[in-house]
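Trainee: Handing you a structure now.
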Amino acid sequence: MAEIKSHIGTQNKKGQTYTDAWKMMHEAPRNPSFYTGSEVIKEALRRASCDVMIAYPITPQSEAAALIGELFAEGYIGDYFRGESEFAVMSQCAGAAFGGARVFTTTAGPGTMRAMENFPMWAGARLPIQMIVTCRGINSPLSIQPDTIEISYLLNTGMLVWHAETAQDFFDWILKGFIVSEEPEVHLPLALCCDGFFVTHTKDVVNLTPADMCLPPYDPYRSPVPCMDMECPPVRMMRDPFIMKSNYISYATHASWQQEIWAAVERSRKHTIKWINGLIDTENTDAEVVIVASGTAVSQGREAIRLLEDEGVRCGLVKVKSLRPWPGEEIREATKNAKHIFVPEFNVTGWLAKEIKSTIPNSERVHAGPHVCGGMTMPPEIIASEIKTALGLRSESLAGRGS
Amino acid sequence: MSKERIKISPDLYDIMPSDYQDLVQSATYGKEDRGWKDIGTSKELIEQHSLCAGCPESMAFRYILASLPNPEDTVMVGSTGCTSLVFPMVAVHNIHSLFGNQNAIASGLKRALSVRFPDRVKDVVVLAGDGATVDIGLDMTLQAWFRQEKFTTICFDNELYANTGGQESGLMQKGFVAKMAPVGKLFDKVRLPEIARESGCHYVVNCTVSKPSLVEKVIRNSVLIAREIGPTYIQLYTPCILEIGKNSMEGLQEMRDSEKPTERFAYKEYVSEPAKQLLAELAAKDKERKAAAKQLAGKA
Chain G
1131 MAEIKSHIGT QNKKGQTYTD AWKMMHEAPR NPSFYTGSEV IKEALRRASC
1181 DVMIAYPITP QSEAAALIGE LFAEGYIGDY FRGESEFAVM SQCAGAAFGG
1231 ARVFTTTAGP GTMRAMENFP MWAGARLPIQ MIVTCRGINS PLSIQPDTIE
1281 ISYLLNTGML VWHAETAQDF FDWILKGFIV SEEPEVHLPL ALCCDGFFVT
1331 HTKDVVNLTP ADMCLPPYDP YRSPVPCMDM ECPPVRMMRD PFIMKSNYIS
1381 YATHASWQQE IWAAVERSRK HTIKWINGLI DTENTDAEVV IVASGTAVSQ
1431 GREAIRLLED EGVRCGLVKV KSLRPWPGEE IREATKNAKH IFVPEFNVTG
1481 WLAKEIKSTI PNSERVHAGP HVCGGMTMPP EIIASEIKTA LGLRSESLAG
1531 RGS
Chain V
23 MSKERIKISP DLYDIMPSDY QDLVQSATYG KEDRGWKDIG TSKELIEQHS
73 LCAGCPESMA FRYILASLPN PEDTVMVGST GCTSLVFPMV AVHNIHSLFG
123 NQNAIASGLK RALSVRFPDR VKDVVVLAGD GATVDIGLDM TLQAWFRQEK
173 FTTICFDNEL YANTGGQESG LMQKGFVAKM APVGKLFDKV RLPEIARESG
223 CHYVVNCTVS KPSLVEKVIR NSVLIAREIG PTYIQLYTPC ILEIGKNSME
273 GLQEMRDSEK PTERFAYKEY VSEPAKQLLA ELAAKDKERK AAAKQLAGKA
């Protein structure tokens, strides 16, 4: 078996020092840099000791996927190629992860949907692949604009699902995401989502860790299931293939494995809390009105709160960072004083509001909305107006809303 | 050296299953000239199987596993179908993930193994049915060949979807009446061997598994060429005796009938120029090795 040793303090072929992840993320000096979200993905990957990245073009992740190709050309990534479709790419990612590699990919909208069959397989096979999802509309009609509906399809795959608000979240969470999802008691794939264009194509100041530090390499022999590299004994996995057996053992095995995947999601909770500093962030949750949101809807909510403050309405904010594991307890606690809970979302179905309603007592407090979709922006005025209307306050009519 | 990796701790020896003990004692991992003749005198890398009695796939599996040149460093990739009922019984690492994505899995796997073990040989062999290879997975089959991925693709061609109960497949013969082909299949058997050649495969063989020595040669060549040069494709007729109305004892005869010179499984082979050169080099080395062994035996 390949030798297992600590790489911390040694250098990789690019001269980067493998650094303890906690020190690198929390203690190393940060360098403020002005980058697009796509460039931030590249900079995170530069520091991620990634073995294999597989790319496919789809807006709005194409730029990031191509930039990581540049990293490969520079020697920072073990291997990189363009697959033939998202379905194939996600299977190629699976193959690389089965072979013991740290694997990264990016996708969006229709690509996420095309690849969907792979995601429960990733979770079921306990492959800690990291997939960036730069959310956009799902066709038809054709749209390349921001819309978060695809996240709702990922929630029951067994993957960890995080929703970044800013490019800074993105930079930190890509690196921290590898650490959490590779924990032996977790060992699950991570869908790290952001709102396409709003995060990928805008520039922001992001505090980067030093470029000469990188994460320790992935150790596939800490996996809870054998790595498929013939370095450990080729165990005969089953006496009879379960698929053909309609008997108690078959059902019981499948049932327990399904439960184990979700138990692993549950076990990721403490690691997620530790690494991204809680599953939610809160501000002023003693207020009677609270906005609960994820992604850039949080930013818009924050602006709406400022507008409302000017008019004497005090409003709290809950930023949901992790969707799987789901912060049920945290949201219950943060909304216990709230008489009105508003959930602004960039999608037509309001999946986040449904999740919250199923979590908290007195769920009639939840106002699902406002919703924008298909690439519309969400001006803070719309959120403020919706809140004021619900509270019975006078609200100026907004252009285009017809009232 | 390869046995080192599967050795059992003496303290645990008695609680290991007997088939594992047998593997440690007499499997042919690491044996340079391993082949089908080891069957019967050594532990095979396939334990029981749950295929139908007399299924030619089971013969094919046994010959292939006996012929892999490097099983101690080979990872196999399967797909959903009858083959996926056998893989859990196989003593090399193997991956089942989805239906039809086997060549995509193998692409990622081979690249990961190359990144992780740059100085060692790690062979990847895909083994899937004709539905997986030619219908649902055709895109990924071809794209892996276009990219010149260095692994072997073996297709068990039984000319239908056997595991789901005998539906029409792309490799089914024209006119054959089957489920989902109620008036007979309306188009020709897909010519994947020719497509494989045009798609960049360096070694393509179309044959049956009636002759173990032939299967041994073909599998060995296909793995060695894939390791050094690029993709290889082997299409093996493994008739589904159940779905074509044959008895358990009739599989072998069905294959013999189908490999006659005018039949669809008459032996066909394509070898690219670089592959020809490699095979010539390997043959010369083999000759040298045998001569040296003979000389050594003479001295003794």
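In the order they appear, the protein sequences are chains G and V. The first sequence begins at 1131 in the working numbering and counts up one residue at a time. The second sequence begins at 23 in the working numbering and counts up one residue at a time. Just so you know, even glycine gets a beta-carbon here, dropped at the ideal spot from N, CA and C. Since we're looking at a predicted model, the values are computed, not measured.
For residue 244/V, go through chain G and note every residue whose CB falls closer than 8 Å to its CB, in chain order.
Mentor: Ordered by position in chain G, no residue passes the 8 Å Cβ test against residue 244/V, which lies about 19 Å from the chain.
Trainee: Which parts of the segment 1142–1226 of chain G are runs of the alpha helix (DSSP H), unbroken and 4 residues or longer, counting only runs that do not cross its ends?
Mentor: The qualifying runs are 1151–1156, 1167–1176, 1192–1204.
Trainee: Report the start-end ranges of each beta strand (DSSP E) in the segment 1463–1526 of chain G that is 3 residues or longer and not cut off at the edges.
Mentor: 1470–1475, 1496–1501, all fully within the segment 1463–1526 of chain G.
Trainee: Drop a sphere of 10 angstroms on the beta-carbon of residue 93/V, count the other beta-carbons inside from all chains shown, and report buried for 16 or more, exposed for fewer.
Mentor: So residue 93/V counts as buried.
Trainee: Is residue 137/V close to chain G? Criterion is C-beta to C-beta, closer than 8 Å.
Mentor: It does; some Cβ of chain G falls within 8 Å.
Trainee: Tell me, please, whether the CB atom of residue 40/V is closer than 8 Å to any CB atom in chain G?
Mentor: It does not: the Cβ of residue 40/V has no partner Cβ on chain G nearer than 8 Å.
Trainee: Quick check: residue 100/V and residue 159/V, are their CB atoms within less than 8 Å of each other?
Mentor: No, Cβ-Cβ distance for residue 100/V and residue 159/V is not below 8 Å.
Trainee: Step through the CB atoms of chain G and report whether any lies within less than 8 Å of the CB of residue 180/V.
Mentor: Not an interface residue.
Trainee: Of all the residues that make up the segment 1177–1198 of chain G, which are near chain V by a beta-carbon distance shorter than 8 Å?
Mentor: Residues 1181, 1182, 1184.
Trainee: What number of angstroms, rounded off, separates the C-alpha of residue 1439/G from the C-alpha of residue 1471/G?
Mentor: Answer to the nearest angstrom: the Cα atoms are 16 Å apart.
Trainee: I'd like the span of the alpha helix (DSSP H) that includes residue 1423/G, first residue to last.
Mentor: From DSSP, residue 1423/G is part of no alpha helix (DSSP H) but of the beta strand (DSSP E) over 1419–1423.
Trainee: Any contact between the segment 1403–1417 of chain G and the segment 1481–1496 of chain G? By contact I mean 3 or more CB pairs, one from each, below 8 Å.
Mentor: No, the segment 1403–1417 of chain G does not touch the segment 1481–1496 of chain G.
Trainee: Output needed in chain order: residues of the segment 1226–1252 of chain G with a Cβ under 8 Å from some Cβ in chain V.
Mentor: So the list reads 1226, 1227, 1228, 1229, 1230, 1231, 1233, 1247, 1248, 1251, given in the order they occur along the chain.
Trainee: Report buried or exposed for residue 1222/G, applying the criterion of at least 16 other Cβ atoms within 10 angstroms of its Cβ.
Mentor: Its Cβ being crowded by 16 or more others within 10 Å, residue 1222/G is buried.
Trainee: I need the straight-line Cα distance from residue 63/V to residue 1260/G, nearest angstrom please.
Mentor: The alpha-carbon atoms of residue 63/V and residue 1260/G are separated by roughly 47 Å.
Trainee: Examine chain V for any beta-carbon lying closer than 8 Å to the beta-carbon of residue 1349/G, and answer yes or no.
Mentor: So, not an interface residue.
Trainee: I'd like to check one pair, residue 1226/G with residue 134/V: are the Cβ atoms closer than 8 Å?
Mentor: Result yes, Cβ atoms of residue 134/V and residue 1226/G sit closer than 8 Å.
Trainee: Residue 1157/G: buried (16+ other C-beta within 10 angstroms of its C-beta) or exposed?
Mentor: With fewer than 16 other Cβ atoms within 10 Å, it is exposed.
Trainee: Taking just the CA atoms, how far does residue 129/V sit from residue 1196/G?
Mentor: Near 20 Å, if we compare the C-alpha coordinates of residue 129/V and residue 1196/G.
Trainee: With three or more beta-carbon pairs closer than 8 Å as the criterion, would you say the segment 1338–1353 of chain G touches the segment 1280–1299 of chain G?
Mentor: Flag = no, the segment 1338–1353 of chain G and the segment 1280–1299 of chain G do not touch.
Trainee: Mind listing, in chain order, the continuous alpha helix (DSSP H) runs of no fewer than 4 residues lying wholly within the segment 158–230 of chain V?
Mentor: Listed in chain order, the complete alpha helix (DSSP H) runs (minimum 4 residues) inside the segment 158–230 of chain V are 160–168, 214–220.
Trainee: Would you be able to state if there are at least three C-beta pairs under 8 Å between the segment 229–239 of chain V and the segment 253–260 of chain V?
Mentor: Yes, the segment 253–260 of chain V touches the segment 229–239 of chain V.
Trainee: To which residues does DSSP link residue 151/V through a beta bridge?
Mentor: BP columns for residue 151/V point to 178/V.
Trainee: Kindly identify the DSSP beta-bridge partner or partners of residue 145/V.
Mentor: Residue 145/V pairs with 96/V.
Trainee: Give the interface partners of residue 1215/G over in chain V, defined as CB-CB distance under 8 Å, in chain order.
Mentor: Chain V residues near residue 1215/G: 161.
Trainee: So, under 8 Å CB-CB, residue 97/V and residue 116/V are touching, yes? Tell me the CB distance rounded to an integer number of Å.
Mentor: Yes, residue 97/V and residue 116/V are in contact; Cβ-Cβ is about 7 Å, under 8 Å.
Trainee: Could you tell me which chain G residues have their CB closer than 8 Å to the CB of residue 27/V, listed as they occur along the chain?
Mentor: The contacting residues are 1131, 1360, 1361, 1362, 1363.
Trainee: So that I know if they touch, is there some Cβ in chain V lying closer than 8 Å to that of residue 1382/G?
Mentor: Judged by the 8 Å Cβ criterion, residue 1382/G is not in contact with chain V.
Trainee: On the three-state DSSP scale, how would you describe residue 1249/G?
Mentor: Looking at residue 1249/G - three-state DSSP - the assignment turns out to be helix.
Trainee: To be precise: take each residue of the segment 142–153 of chain V, compare its Cβ to all Cβ atoms of chain G, and keep it if any distance is under 8 Å. Which residues remain?
Mentor: Taking 8 Å as the Cβ-Cβ cut-off against chain G, the residues of the segment 142–153 of chain V that qualify are 144.
Trainee: Give the residues from the segment 66–97 of chain V that approach chain G closer than 7 Å (Cβ to any Cβ), ordered along the chain.
Mentor: The segment 66–97 of chain V vs chain G, Cβ under 7 Å: 69, 72, 94, 95, 96, 97.
Trainee: Whole angstroms is fine: what's the gap from residue 307/V's alpha carbon to residue 44/V's?
Mentor: Going by the C-alpha atoms only, they are around 32 Å apart.
Trainee: Against chain G, which members of the segment 116–136 of chain V pass a CB distance test of less than 8 Å?
Mentor: Going along the segment 116–136 of chain V in chain order, one finds 116, 117, 119, 120, 123, 126, 127, 128, 129, 130, 131, 132, 133, 134, 135, 136 with a Cβ nearer than 8 Å to chain G.
Trainee: Counting only Cβ pairs nearer than 8 Å, list the residues of chain G close to residue 114/V.
Mentor: Chain G residues near residue 114/V: 1360, 1364.
Trainee: Rounded to the nearest angstrom, what separates residue 179/V and residue 151/V at their Cα positions?
Mentor: So the two alpha carbons sit approximately 6 Å from each other.
Trainee: To the nearest angstrom, how far is it from the Cα of residue 1319/G to the Cα of residue 1354/G?
Mentor: In a straight line, the C-alpha of residue 1319/G is about 14 Å away from that of residue 1354/G.
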